[in-house]
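S.K.: Before anything else, here's the structure in question.
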Amino acid sequence: MINFRTFGEASYNTKRVSSELQFDYTDGIKTKGTLKTPFTNDIEIIIDHKGSVSNFKSQADISYSGSKQHEAVITFGGSGKLQKFQLSGDATYNGKKFTTSAKTDFTSGIKLEARMSTPFTDDMEIFLDHQGTSSELRSQASATYSGSKQHEIISTLKRTGTLKQFHVSGEVRYNDKISALTVNMDTTSKVSANVVLQSPISKDIQIEVSFDGKIENLKTKAGIQYGEEKHELYQISI
């Protein structure tokens, strides 16, 4: 059953129609079908597939009267383990080629690289890199077209201190435009918080909140600074 051939023929008033099918499973999968009629050109279809799930090549051809009209070739390869692997593949249709590749690495953070090339668009490349821990991390992502980087995003986050007293700072950079955020919180002897936001599309914003004293003798105030303008939202003393 892994290698067989069938043939059929029909005649009507000297007009003959014939078909043939060959199937070979000894080395991969190969199928060949031929159809001959007095009304159309001879048609031949060939499908050839070799390889395994992680590495294979497939080809399909369609010919009319001995002339190849359509041809498609697909190749695929993969290697590595779940935490670190790479893939590559390409497809060709009548001389036009599409290629793609991807690499991933989860052994230390998260790293991803992907590339794609087509005859209709510029070559594209996507890069993603994420490193660090919950207290300090850095992420970078970029998209490149035809070797020229069009988009890039870099974000960083850093946290120090304890639950009662801590400092958090973060930054996001998009194509050389930087947005930054800083938060300071202190509840060791009183409650005070300071938040600063810097953005390329607005003035710097700073918010301060403090709570000092006991219930019978306390002082609470809040203020906001926008650029050089300072505003005291409220101040309460008891």
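Once you know that position 92 of the sequence shown is 241 in the working numbering, the rest is easy, because the numbers rise by one and skip nothing.
We put the beta carbon where it would ideally sit given N, CA and C, even for glycine.
(1) Look at the alpha carbon of K246 and the alpha carbon of P268, and state the distance between them as a whole number of angstroms.
(2) Is the separation between the beta-carbon of R264 and that of M273 shorter than 9 Å?
(3) From this set, Y242, S212, K252 and S207, which residue's C-alpha is nearest G227's C-alpha?
(4) If you scan the stretch 278-330 from start to end, which runs of the beta strand (DSSP E) of 3 or more residues do you find wholly inside it?
(5) Go ahead and label E104 buried or exposed: buried means 16 or more other beta carbons lie within 10 angstroms of its beta carbon, across all protein chains shown.
(6) DSSP on E169, reduced to helix/strand/coil?
(7) Using DSSP with H/G/I as helix, E/B as strand and the rest coil, what is E377?
(8) Is S167 closer than 9 Å to F153 when the C-beta atoms are compared?
(9) Let me know the secondary structure DSSP gives T183 once reduced to three states.
(10) By Cβ distance, which residues of its chain are closer than 7 Å to F255, with the 5 residues on each side in sequence left out?
(11) With a CB to CB cut of under 7 Å and the five nearest residues on each side skipped, what residues in its chain are close to G372?
(12) Apart from the five residues on each side of it in sequence, which residues of its chain come closer than 6 Å, Cβ to Cβ, to N333?
(13) Below 8 Å on the Cβ atoms is my contact criterion, and I expect K199 with D210 to pass it. Report the Cβ-Cβ distance as a whole number of Å.
(14) I'd like to know whether the C-beta atoms of G215 and D191 end up nearer to each other than 9 Å.
(15) Taking Cβ to Cβ, would you say Y323 is nearer than 9 Å to K352?
(16) Would you tell me roughly how many angstroms separate the C-alpha atoms of T270 and G319, rounded to the nearest one?
(17) Determine the DSSP secondary structure at K246, reduced to helix, strand or coil.
M.R.: So, from the listed chains and residues:
(1) Distance between K246 and P268, taken at the CA atoms: about 7 Å.
(2) Pairing R264 with M273 gives a Cβ-Cβ distance under 9 Å.
(3) K252
(4) 285-294, 297-310 and 314-323
(5) Examination of residue 104 is not possible in this model, given that the chain is present from 150 through 387 alone.
(6) strand
(7) coil
(8) no
(9) strand
(10) Q232 and K233
(11) E357, K379, H380, E381 and L382
(12) H316 and N343.
(13) That pair is no contact at about 15 Å.
(14) For G215 and D191, yes; Cβs fall inside 9 Å.
(15) no
(16) Straight-line spacing of the CA atoms in T270 and G319 works out to 36 Å.
(17) In this structure, K246 counts as strand in the three-state DSSP scheme.
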